[in-house]
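Trainee: Structure below; questions to follow.
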Amino acid sequence: MAQYDYDLITIGAGSGGVRASRFAASRYGKRTAVIENRRVGGTCVMRGCVPKKLLVYGAHFADEFADAAGYGWQARAEGFDWGALVGAKNAELDRLEGVYHRILREANVAEINGTGIVTDAHTVEVDGKAYTAEHILVATGGHPVMPKIPGIEHVITSDEALDLAALPERIVIVGGGYIAVEFAGIFNALGVETHLIVRADNILRGFDDAVRNTLRDEMARKGVQLHCETKVNSIERENGNYSLHLDMAEMMDTDLVMYATGRRPNTRGLGLEEAGVELNGRGAVVVDATSKTAVDSIYAIGDVTDRVNLTPVALAEGMAVAETLFGGKPTTVDYANIASAVFSQPPVGTVGLSEAEARENHDIDIYVSRFKPMKFTLSGRDENAMMKLIVDRDTDRVLGCHMVGQDAPEIIQGFAVALKCGATKAQFDATVGIHPTAAEEFVTMRQKLPEHDA
Ligand code: NDP
0 MAQYDYDLIT IGAGSGGVRA SRFAASRYGK RTAVIENRRV GGTCVMRGCV PKKLLVYGAH
60 FADEFADAAG YGWQARAEGF DWGALVGAKN AELDRLEGVY HRILREANVA EINGTGIVTD
120 AHTVEVDGKA YTAEHILVAT GGHPVMPKIP GIEHVITSDE ALDLAALPER IVIVGGGYIA
180 VEFAGIFNAL GVETHLIVRA DNILRGFDDA VRNTLRDEMA RKGVQLHCET KVNSIERENG
240 NYSLHLDMAE MMDTDLVMYA TGRRPNTRGL GLEEAGVELN GRGAVVVDAT SKTAVDSIYA
300 IGDVTDRVNL TPVALAEGMA VAETLFGGKP TTVDYANIAS AVFSQPPVGT VGLSEAEARE
360 NHDIDIYVSR FKPMKFTLSG RDENAMMKLI VDRDTDRVLG CHMVGQDAPE IIQGFAVALK
420 CGATKAQFDA TVGIHPTAAE EFVTMRQKLP EHDA
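Just so you know, the sequence shown maps onto residues 0 to 453 in numbering that gives the first Met the number 0.
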């Protein structure tokens with residue numbers, strides 16, 4: 000008779016939790032259960048990346064119809080039905096949820112519905128029922144956080160934005176990160192008067208400055224009204240209208256306010272600290288390189304650990320934990336050169352160091368290319384692309400590869416492999432381009448940016 004009910008209990012059936020559970024059960028034959036109190040699939044599939052990208056696709060047609068005229072088509076962007084888009088998106092999410100249930104079932108992972116609370120190093124309680132496991136994996140993700148200003152109860156987050164009953168005429172989005180710029184792009188393209196309020200002097204803190212400046216300018220050109228270095232002090236609601244009180248006694252009226260001011264780990268009320276798990280000042284679970292917490296039998300992965308908060312990272316961490324616990328091989332994730340994308344309009348793709356990060360430890364050369372993509376020559380769309388390479392002068396290694404423009408996420412994924420392999424600028428140059436593409440610019444940049452322009 001086994002000492003525990005399960006070999007592994009995972010709390011949270013998001014991307015990371017499902018992957019780790021599935022690997023533990025199907026690859027290593029371990030008795031595994033996963034606990035979830037919302038929909039299986041988690042933030043990425045149900046409330047984040049997937050529905051957001053479907054809305055981005057939907058919004059894109061506005062530009063596509065406009066482009067078509069330049070190519071001889073008499074297509075007009077009219078009759079857009081927001082309800083139809085949301086309905087189709089929700090049907091796809093239902094389908095994906097079914098796929099996730101099937102994956103878990105076929106892998107022999109038991110699903111437990113409810114909120115898991117850790118009561119000791121080997122026990123999780125759900126609705127008063129105790130389940131024991133040799134190992135517990137915390138994969139509870141995060142939630143949106145907002146500043147505590149008067150009237151904040153009137154605002155929505157991206158969760159609600161994905162399911163609005165109707166599009167507003169005007170929206171104010173507060174924040175300058177991934178979520179804020181992505182949703183600003185969606186609403187603006189769908190004809191909503193979109194204001195983006197950013198407390199800093201620019202959007203996308205931490206990204207390369209050329210990316211930040213290019214995207215800011217392109218978004219503004221498309222009609223997003225950016226208000227940088229602007230703070231919201233309070234929000235009032237009256238008769239369906241929202242009044243934002245800004246600094247300097249300025250006011251802004253709108254029909255909807257969305258906050259995208261960051262996310263925090265879901266650790267509250269899980270019994271983690273009581274069980275001996277250490278949390279940091281942001282409430283994130285503190286883990287070692289193998290994702291082990293301060294308690295030997297408890298591991299944590301994904302956004303709840305607040306390391307690199309991206310779905311593919313949670314997947315990698317989940318697989319590493321399964322390998323560590325059941326494959327007999329302590330496994331860590333290599334966090335260097337993780338590519339990421341912002342599905343803004345136009346989108347961003349990036350891998351490696353920003354120029355500012357590279358300058359901290361390297362002597363660097365910079366290569367930049369700015370151009371109007373070929374597709375827009377006939378369509379006349381006023382949108383430019385920017386591509387940038389950062390090269391280490393001593394080793395010739397490409398340290399950073401950044402792009403703003405159509406297909407940037409697809410293009411950068413390939414270059415991420417090159418950076419992971421340690422590719423040099425000479426190897427980029429020796430690569431024959433595919434013509435005519437935007438991507439070929441990355442292998443045909445020969446002109447260094449003069450020092451004073453870098
Ligand atoms: P981010 O951390 O990316 O951005 C938060 C933004 O809100 C920043 O601009 C920040 O400003 C601003 N902010 C923070 N506090 C306040 C405040 N009190 N008042 C005004 N502005 C404030 O968070 P997001 O919510 O956009 O996204 C959360 C996470 O989700 C991301 O970190 C990312 O990991 C993930 N994500 C990834 C996506 C992708 O890969 N495409 C898409 C969406 C989300 P400042 O810069 O000054 O701190």
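Quick reminder that beta carbons are idealized off the backbone N, C-alpha and C, glycines included.
I'd like to check one pair, R169 with V191: are the Cβ atoms closer than 8 Å?
Mentor: Within the sequence shown, residue 191 is the residue found at index 192, counting from 1. Within the sequence shown, residue 169 is the residue found at index 170, counting from 1. Yes; because the gap between Cβ atoms is below 8 Å, this pair is in contact.
Trainee: Out of A87, N89 and F60, state which residue places its alpha-carbon closest to the alpha-carbon of E77.
Mentor: By 1-based counting over the sequence shown, the position of residue 77 is 78. Checked all of A87, N89 and F60; the closest Cα to E77 is F60.
Trainee: Would you decide whether T246 is buried or exposed? Buried here means 16 or more other CB atoms lie within 10 Å of its CB.
Mentor: Position 247 of the sequence shown, counted from the start, is the residue given in the question as residue 246. A small correction: the amino acid at residue 246 is Asp; Thr does not occupy that position in the sequence shown. That one is exposed.
Trainee: Look up D456 in the DSSP assignment and say whether it is helix, strand or coil.
Mentor: An answer regarding residue 456 cannot be provided, because it is not within the stretch 0 to 453 covered by the chain.
Trainee: Please classify K447: does DSSP put it in a helix, a strand, or coil?
Mentor: Position 448 of the sequence shown, counted from the start, is the residue given in the question as residue 447. In this structure, K447 counts as coil in the three-state DSSP scheme.
Trainee: Indicate, with yes or no, if the ligand NDP has a heavy atom lying under 7 Å from the CB of G174.
Mentor: Working through the sequence shown from its first residue, we reach residue 174 at position 175. At least one heavy atom of the ligand NDP is nearer than 7 Å to the Cβ of G174, so yes.
Trainee: According to the neighbour-count rule (16 or more other Cβ atoms, all chains shown, within 10 Å of its Cβ), is H434 buried or exposed?
Mentor: Here residue 434 refers to the residue found at position 435 when the sequence shown is read from its first residue. Flag for H434 reads exposed.
Trainee: At 4 residues or longer, and completely inside the segment 382-447: list those alpha helix (DSSP H) runs for me, N to C.
Mentor: Counting whole runs of 4 or more residues, the segment 382-447 contains the alpha helix (DSSP H) stretches 407-419 and 424-429.
Trainee: Should the segment 202-220 be called in touch with the segment 340-353, which here means at least 3 C-beta pairs below 8 Å?
Mentor: Yes, they touch.
Trainee: Decide if the segment 146-160 is in contact with the segment 20-40; the criterion is three or more beta carbon pairs, one per stretch, under 8 Å apart.
Mentor: The segment 146-160, when compared against the segment 20-40, does not touch it at the 8 Å Cβ threshold.
Trainee: Let me know the secondary structure DSSP gives T131 once reduced to three states.
Mentor: Here residue 131 refers to the residue found at position 132 when the sequence shown is read from its first residue. Correct three-state label for T131: strand.
Trainee: Grab the span of the alpha helix (DSSP H) containing L195 for me, first residue to last.
Mentor: Start at 1 with the first residue of the sequence shown, and residue 195 comes out as number 196. Unbroken run through L195 is the beta strand (DSSP E), E192 to I196; no alpha helix (DSSP H).
Trainee: My output table needs one value for M145: the three-state DSSP class, helix, strand or coil.
Mentor: For the purposes of this step, residue 145 is identified with residue 146 of the sequence shown, where counting begins at 1. M145 falls in the coil class under three-state DSSP.
Trainee: Going by DSSP, name the residue or residues bridged to N112.
Mentor: Numbered from its first residue, the sequence shown carries residue 112 at position 113. DSSP lists E35 as partners of N112.
Trainee: Is the separation between the beta-carbon of A106 and that of A24 shorter than 8 Å?
Mentor: Here the question's residue 106 lines up with position 107 in the sequence shown. Here the question's residue 24 lines up with position 25 in the sequence shown. Yes. Within cutoff.
Trainee: If we count the other Cβ atoms within 10 Å of its Cβ and call it buried at 16 or more, is D428 buried or exposed?
Mentor: For this step, residue 428 is matched to residue 429 along the sequence shown. So D428 ends up on the exposed side.
Trainee: Within a Cβ cutoff of 8 Å, which residues of the same chain sit near G141, ignoring the five residues on either side of it in sequence?
Mentor: The count along the sequence shown starts at 1 and reaches residue 141 at position 142. Same-chain partners within the cutoff: T42, R262, R263, P264, N265, D302, V303, D305 and N308.
Trainee: Would you identify the three-state DSSP class for R369, choosing helix, strand or coil?
Mentor: Residue numbering aside, residue 369 sits at position 370 when the sequence shown is read from its first letter. Reduced to three states, the DSSP call for R369 is strand.
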